[in-house]
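Below you'll find the structure, written out as C-alpha cells, and then a few comments.
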Amino acid sequence: MSVHTEDEAEAGVGDREGRWRVWVGAILWAAVVPFGGWAGLRASGWEPAFLWKQLVAFTPYVAALSLIVLVATLVLRQWWTCLVAMVAVGVLASAVIPRMVPDGNPAVAGPRMRVLAANLMAGSAPAEVLVSLARRERPDVLALQEVTPEAVVALDEAGLEPLLPHRVLRPRPGVTGSALYARFPLREQPMIDIHFGQARATLEVPGAPPVEVVSVHPCAPSASSRAWCWKAGLRALPRADVRGPVRILAGDFNATLDHAELRRLTSSGYRDAAAVVGDGLRPTWPAGWPSWVPPVVLDHVLADKRVAVRSFDIHELPRTDHRPVSADIVLPRR
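Under UniProt numbering, the first residue of the sequence shown carries the number 1, and numbering increases by one thereafter.
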C-alpha cells in the first residue's frame with residue numbers, strides 16, 4: 001500500500017492548475033491573434049486578397065466581438081494576451097466609433113437640398129412605390145442604380161416626371177444602368193463607365209454654385225474576377241477639390257468606410273452624411289435577402305466638406321436588396 005504525502009497532493013493540484021492555465025492561455029491567444037491581425041490589416045489599408053475585400057465590411061461586428069475577448073483576458077488574468085487584445089480593441093474602436101458620434105458642420109447659409117438614392121435591383125423595384133417615396137420625401141435630386149429601360153418607362157407612368165422633370169438617363173438591361181433625376185436643371189457630364197455605368201451631371205441650384213452629382217455604382221466585388229472593376233469604378237469617381245465644383249456622390253458604393261478605397265476617396269475632401277450625424281452604422285444591405293448575411297452599410301451620400309449635412313435617413317423599398325438613403329444638406333451661397 002502506497003501513502004501520498006500532503007506535499008505530493010499539493011503538487012498534483014498545482015500541476016493541474018498549471019496545465020489548466022496553459023490551456024486557457026493557448027485558447028485565448030488563438031482567439032486574440034485573429035482580432036489583432038484584423039485590426040492590423042484594417043489600420044494599414046492593405047487589402048491583400050480578394051476575400052479580405054468582402055470580409056473587411058464586417059469590421060463593426062469584429063470590433064464588438066473583440067470586446068468579449070478582452071473581457072475574458074481580464075477575468076482570467078492573462079496579462080500579455082490582454083495587452084494584445086487591448087491594442088486590437090483600440091484600433092478597431094478608433095475605426096468604428098467615429099461613425100457613431102455626430103460631427104460639426106461648416107458655416108454655410110446657402111439653399112437646402114435633399115438627395116435620395118436607390119438601387120432598383122435590375123429594375124425590379126416597384127415604380128409606384130419609389131414614386132410614392134419621392135412624393136413623400138420631396139428630393140431635389142434622385143440618384144438611381146440598376147436602372148433598366150423598362151424601369152424608366154414605368155417610373156414616368158407612375159408619375160415621376162412632374163416631380164423631377166430634369167434627368168440624365170443611362171438605362172441598360174440588367175444591373176449596369178443608372179440615372180439622375182432632379183427638380184432643377186441638369187447639365188450632362190461624361191458618364192463614368194467601367195463595366196457599370198455611373199451617371200454624372202452638373203445641377204443648377206438657384207442661389208448656389210454649380211453642384212456636380214454622380215449616381216454611384218461600381219461593380220460588386222462578388223468574385224475575384226470582378227475585383228478590378230470594383231476598384232477601378234471607385235477610383236474613377238471624382239475627388240473632392242476645393243478649387244473645383246461642389247460635389248455630391250450618392251448611391252450604392254458596394255463598399256463600407258472600412259474599405260481602404262472608399263477611405264481614400266473620402267480623404268480627398270468628402271464626408272459621409274450618415275457618419276456626420278452619428279448614424280454611420282445603420283445598415284443598408286441586404287434588405288431582407290440574403291437574410292443570413294450580417295447587414296452592412298454599402299449605400300452612402302458623400303458630401304463635399306464645404307457642404308453642411310443636416311439629416312440622414314434610410315427608407316424601405318420592396319423587391320430590392322438595398323435600402324434607399326437620403327440626406328438633407330445645405331450648400332454654399334453663390
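By construction, the Cβ of each residue, glycine as well, lies at the ideal position given by its N, Cα and C atoms.
None of these values were measured; they are calculated from a predicted model.
- For the pair glycine 177 and lysine 231, the Cα-to-Cα distance works out to about 18 Å.
- Per the C-alpha coordinates, the member of Arg77, Gly40, Gly36, Arg21 positioned closest to alanine 260 is Gly40.
- In this structure, leucine 203 places its C-beta atom within 8 Å of the C-beta atom of valine 213.
- Nearest C-alpha to alanine 151 among Asp193, Ala127, Leu160, Met191: Ala127.
- Counting the other Cβ atoms within 10 Å of the Cβ of proline 60 gives 16 or more, which makes it buried.
- Counted as a single uninterrupted DSSP element, the alpha helix (DSSP H) harbouring serine 66 occupies residues 59–75.
- Residue environment: valine 297 is assigned as buried (16 or more neighbouring CB atoms within 10 Å of its CB, all protein chains considered).
- At a Cβ-Cβ threshold of 8 Å, aspartate 258 and valine 56 count as neighbours.
- At least 8 Å separates the beta-carbon of leucine 186 from that of alanine 143.
- Listed in chain order, the non-local C-beta contacts of arginine 167 below 6 Å within the same chain comprise Tyr181, local neighbours out to five positions each way being set aside.
- Distance between valine 309 and tryptophan 52, taken at the CA atoms: about 31 Å.
- Segment contact: the segment 153–162 against the segment 122–138, three or more CB-CB distances shorter than 8 Å; contact assigned.
- Of Asn119, Pro190, Cys219, the smallest CA-CA separation from isoleucine 314 is found for Asn119.
- Around glycine 123, the same chain offers Thr148, Glu150, Ala151 as residues with beta carbons nearer than 6 Å, after the five sequence neighbours per side are excluded.
- For aspartate 193, the uninterrupted beta strand (DSSP E) run begins and ends at 192–194, by DSSP.
- If you compare the alpha carbons of Asp299, Thr266, Trp292, Leu265 with that of leucine 281, the shortest gap goes to Asp299.
- Scanning the segment 133–185 from its first residue to its last, the whole beta strand (DSSP E) runs of 3-plus residues come out as 141–145, 166–170, 178–182.
- Secondary structure at phenylalanine 312: strand, using DSSP grouped into helix, strand and coil.
- Straight through space, the alpha carbons of alanine 240 and serine 268 are spaced by roughly 5 Å.
- Excluding sequence positions up to five before and after serine 225, its CB lies less than 6 Å from no other CB in the same chain.
- Just so you know, the alpha carbons of glycine 251 and threonine 320 end up roughly 14 Å apart.
- If you look at valine 330, you'll find it in the beta strand (DSSP E) that goes 325–330.
- Here the C-alpha atom of leucine 65 lies approximately 40 Å from the C-alpha atom of arginine 200.
- In this chain, valine 56 is not harboured by any alpha helix (DSSP H), its DSSP state being neither H nor E.
- Taken in chain order, no unbroken stretch of alpha helix (DSSP H) lies wholly in the segment 185–229 with a span of 4 residues or more.
- The beta carbon of aspartate 304 lies closer than 6 Å to those of Ala240, Val246, Arg247 in the same chain, with the five residues before and after it left out.
- Beta-bridge analysis with DSSP links isoleucine 248 to Val213, Ala303.
- Assigned with DSSP and collapsed to three states, alanine 118 falls in strand.
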